[in-house]
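Take the position in the sequence shown, starting the count at 1, then add 217; the result is the number in our numbering.
Beta carbons: idealized from backbone N, C-alpha and C, even for Gly.
Since the structure is predicted, the reported quantities are computational estimates derived from the model, not experimental observations.
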Amino acid sequence: MLHKNSSHHLQRFQQQRTETRKGLRCTRFRSHERAKRHIVKITDASVPPSPLLAYGAVASGLALFGTTFFIIPQFKELFRESLTWSEIYEYLVSDGRVKPLTPEAAYAKANKKGAVLVDVRLEQKYSAGHAAGSLSVPLYRPIQGWDLPSTIRRIGFSFFGIYPATELNPDFIDVAQETLQKGKEIILVCEMGGTLENKVGTSTGFQSRSLKAAYFLLQAGFSKVSYCQGGIAQWGREGLPLEAYE
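Structural data, given as structure tokens:
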């Protein structure tokens with residue numbers, strides 16, 4: 218009786234093992250199928266974008282190209298200032314009074330000889346960080362109007378990544394005369410400083426807001442005007458003191 222039961226249990230065990238193996242094979246088969254489906258999904262995810270998206274990208278590029286090289290040039294007069302850099306350069310060179318100063322020399326003159334540091338950058342940039350003790354007399358300001366010419370200028374500047382779009386500050390001379398003394402040396406500070414010296418490939422130096430501001434100040438009767446070489450960028454690199462308004 219014990220032998221029959223043992224034989225019966227053995228048959229049941231073998232049957233369960235066979236069913237288990239079948240189950241494992243089925244499980245493995247199903248896992249393999251899921252893996253195949255997963256691979257298919259990953260492959261599908263790498264399919265290139267639809268032609269509609271591609272055409273849309275091409276159309277956007279063409280619109281940008283057309284606006285930059287065909288539409289905006291039709292309004293080029295709106296982007297010109299009344300006085301060109303070439304005219305300013307020729308005047309400054311022939312006049313000969315405007316001299317460059319290294320940031321260290323500018324700092325020394327401002328602290329020991331009573332020279333005045335004048336930051337001609339946008340007011341918001343001045344607030345973010347400026348040479349310690351400098352005064353803000355911005356040569357440019359963000360465009361104020363919303364008429365058609367002003368709007369076109371904003372669009373044009375944005376296409377070239379220039380923000381904010383700016384225009385000459387009509388109050389520059391008035392603010393300068395109210396803020397500065399004509400008998401003191403004025404040292405102008407802008408982003409990069411610019412230069413009146415010609416290098417390979419240049420015939421009119423390298424324009425800057427400091428040099429443009431120097432021209433307008435000379436025209437307004439300020440006789441002692443110089444500018445900081447390398448601008449506020451070089452000032453910071455040399456570790457000279459900076460201030461900021463929160």
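*Between the Cα of L356 and the Cα atoms of K429, I369, T301, which residue gives the shortest distance?*
Ranking the options by Cα distance to L356, first place goes to K429.
*Going by alpha carbons, who is nearest to W363 out of T383, A345, C445?*
T383 is the residue among T383, A345, C445 whose C-alpha sits nearest the C-alpha of W363.
_Backbone CA spacing between V310 and G448 [nearest angstrom]_ = The C-alpha of G448 is placed about 20 Å away from the C-alpha of V310.
*Pull up the DSSP beta-bridge partners for T412, would you.*
F423.
*Assign E340 to one of three DSSP states: helix, strand, or coil.*
Reduced to three states, the DSSP call for E340 is helix.
_If I follow the unbroken beta strand (DSSP E) through R358, where does it start and stop?_
357-359 is the span of the beta strand (DSSP E), which, as asked, contains R358.
*To the nearest angstrom, report how far apart Y432 and Y308 are at their CA atoms.*
The alpha-carbon atoms of Y432 and Y308 are separated by roughly 8 Å.
*Leaving out the 5 sequence neighbours to the left and right, which residues in its chain are closer than 8 Å to I305 when beta-carbon positions are compared?*
Take I305, set aside five residues on each side of it, and the residues of its chain with a beta-carbon closer than 8 Å to its own are Q424, L428, K429, Y432, in chain order.
*Between the beta-carbon of S344 and the beta-carbon of Y462, is there less than 8 Å?*
In this structure, Y462 lies closer than 8 Å to S344 by Cβ.
*Out of V337, T421, S367, point me to the one whose CA is closest to T301's CA.*
Looking from the CA of T301, the closest CA among V337, T421, S367 belongs to T421.
_Going by DSSP, what residue range makes up the alpha helix (DSSP H) through T396?_
T396 -> alpha helix (DSSP H) spans 389-396.
*Taking DSSP as the reference, what is the three-state secondary structure of E460?*
DSSP places E460 in the strand class (E or B) of the three-state scheme.
*asked:* According to DSSP, is T368 part of a helix, a strand, or is it coil?
replied: T368 sits in a helix when the DSSP states are folded into three classes.
_Residue range of the unbroken alpha helix (DSSP H) whose run includes S443_ = It is not in any alpha helix (DSSP H) - S443 instead sits in the beta strand (DSSP E) that spans 442-445.
*Between which two residues does the beta strand (DSSP E) harbouring K316 extend?*
316-318 is the extent of the beta strand (DSSP E) around K316.
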